[in-house]
Amino acid sequence: MVPLTWYLMLSAVVFMIGVFGFLTRRNIIIMFLSVELMLNGVNISLVAFSHYLQDLRGQILVFFIITVAAAEAAIGLAIILALFRNKATIHVDEMNEMKG
Amino acid sequence: MISQLFFGYFAAVIIILSLLVVTRKNPVHSVMWMLLMFFHIAGMYLFLNAEFIAAIQVIVYAGAILVLFLFVVLLLNLREELQTNRFIGSWPAGLVIAASLLLSMIAALRSFVPGPSGPYTIALIEKETHTRVLGQVLYTEYLFPFEIASLILLVAIIGAIVLAKKKVRS
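Same order as they appear, the protein sequences are chains A and B. Per our numbering, the first sequence starts with residue 8, numbered consecutively. Per our numbering, the second sequence starts with residue 1198, numbered consecutively.
Written out as structure tokens, the structure reads:
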């Protein structure tokens, strides 16, 4: 039997790889993929909790997280398309018009 | 023993693939490694007796979201992106932040105490089938959040159309 803490550690590692990617890459698509990576890390821990505590609420929560992730991907990629149409770059350092 | 072996395989592959996702230079390669990682995560959900969630993971994440990503990556012309630097100059700072957060999280795990168990044992779920039990909870206890989720999807549909359409010059 695999203990619950192994799953939680795996989820923390995946989440932190996502944080690392978000902080260090400047390609907006890879930053977006890093956010998806973080969401998946959280999902792993929620499903593991749901299995070990014998409660289905964790899986309901995963269901809603996947819904929100789909909506987020649709809107975010539309924003990326609109930005690329105006600036012809996906490098976030070159998008500094709104800097105060 | 065999379950620990399975967990070890899935965990190692998921970690290696997620490292590949954040370090590849070409976004197309990143999306492809991400696809493989989603399938492994779905395998891990099967391992945790969550068949419906595993199916949703494959259908929605691998089938819909990543295809959308791939569409956008191929729609944008990324020739000059491949010549620029992969990471920002101060990437060790990001590494230190992520590693210290990870260490504090693992340190917090040592004092973790699981709460009381719920009523949904594996025997009950096997008797009722997983999807039916999940649907019963979703449509009774979580009906209102479910309706809000449909509203979020509506907002996403309208927002994506409004943002991505070209301006009509009159």
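Ideal Cβ placement from N, Cα and C applies to all residues, glycine included.
Straight-line gap, residue i to residue j (C-alpha atoms, nearest Å)
i, j, result
"Leu1217(B)", "Ser41(A)", "11 Å"
"Thr12(A)", "Lys1364(B)", "52 Å"
"Ala1290(B)", "Met45(A)", "19 Å"
"Phe22(A)", "Phe1207(B)", "16 Å"
"Asn50(A)", "Leu60(A)", "15 Å"
"Ile67(A)", "Gly1205(B)", "26 Å"
"Phe27(A)", "Ile1285(B)", "11 Å"
"Thr74(A)", "Leu1299(B)", "27 Å"
"His1327(B)", "Ala55(A)", "15 Å"
"Glu1248(B)", "Glu104(A)", "47 Å"
"Phe91(A)", "Arg32(A)", "18 Å"
"Ile36(A)", "Val1269(B)", "9 Å"
"Leu1340(B)", "Leu1351(B)", "17 Å"
"Ile1358(B)", "Ala80(A)", "13 Å"
"Lys1324(B)", "Trp1288(B)", "51 Å"
"Ile1322(B)", "Arg1329(B)", "9 Å"
"Ile1355(B)", "Ile1345(B)", "15 Å"
"Ser1297(B)", "Ile1199(B)", "33 Å"
"Pro1311(B)", "Ile1213(B)", "29 Å"
Sequence-distant residues of the same chain with beta carbon closer than 8 Å to residue i, five excluded per side
i, result
"Leu1273(B)", "none"
"Phe29(A)", "Met38, Ser41, Val42, Met45"
"Arg1221(B)", "Ser1227, Trp1230"
"Met1313(B)", "The sequence as given places Pro at residue 1313(B); Met does not occur at that position. Nothing meets the Cβ criterion."
"Tyr1336(B)", "Phe1343"
Whether residue i touches residue j by CB criterion (7 Å)
i, j, result
"Ala1251(B)", "Leu1263(B)", "no"
"Ile87(A)", "Ala1353(B)", "no"
"Val1334(B)", "Leu53(A)", "no"
"Leu15(A)", "Leu1306(B)", "yes"
"Ile1253(B)", "Met1234(B)", "no"
"His58(A)", "Leu1245(B)", "yes"
"Ala1239(B)", "Val1219(B)", "no"
"Gln1201(B)", "Val9(A)", "yes"
"Ile24(A)", "Ser1347(B)", "no"
"Leu1232(B)", "Ala1261(B)", "no"
Proximity winner among the options, relative to residue i (alpha-carbon distances)
i, options, result
"Phe70(A)", "Leu1331(B), Phe1309(B), Phe1203(B)", "Leu1331(B)"
"Val1257(B)", "Asn47(A), Gly65(A), Thr96(A)", "Asn47(A)"
"His98(A)", "Val9(A), Asn34(A), Val26(A)", "Asn34(A)"
"Ala77(A)", "Ile1349(B), Leu1360(B), Ala1320(B), Ala1296(B)", "Ile1349(B)"
"Ser19(A)", "Ala1259(B), Phe1343(B), Leu1232(B), Ile1303(B)", "Just to set this straight, residue 19(A) is Ala in the shown sequence, not Ser. For Ala19(A), the nearest C-alpha among the options comes from Ile1303(B)."
"Arg1276(B)", "Val1225(B), Ala1357(B), Glu1344(B)", "Val1225(B)"
"Ile72(A)", "Trp1288(B), Glu1325(B), Phe1343(B)", "Phe1343(B)"
"Phe1309(B)", "Gly1315(B), Trp1288(B), Ser1301(B)", "Ser1301(B)"
"Gly65(A)", "Ile1345(B), Phe1236(B), Val1293(B), Tyr1317(B)", "Tyr1317(B)"
Sequence-distant residues of the same chain with beta carbon closer than 7 Å to residue i, five excluded per side
i, result
"Phe1266(B)", "Val1228"
"Leu17(A)", "Ile51"
"Phe1203(B)", "Phe1244"
"Glu101(A)", "Lys94"
"Ile1319(B)", "Asn1246"
Close Cβ partners of residue i (< 6 Å) along its chain, the five nearest in sequence each way excluded
i, result
"Arg1283(B)", "Lys1222"
"Met1241(B)", "Phe1207"
"Glu1338(B)", "none"
8 Å contact criterion, which residue i and residue j should meet: CB distance rounded
i, j, result
"Leu1360(B)", "Ala89(A)", "5 Å"
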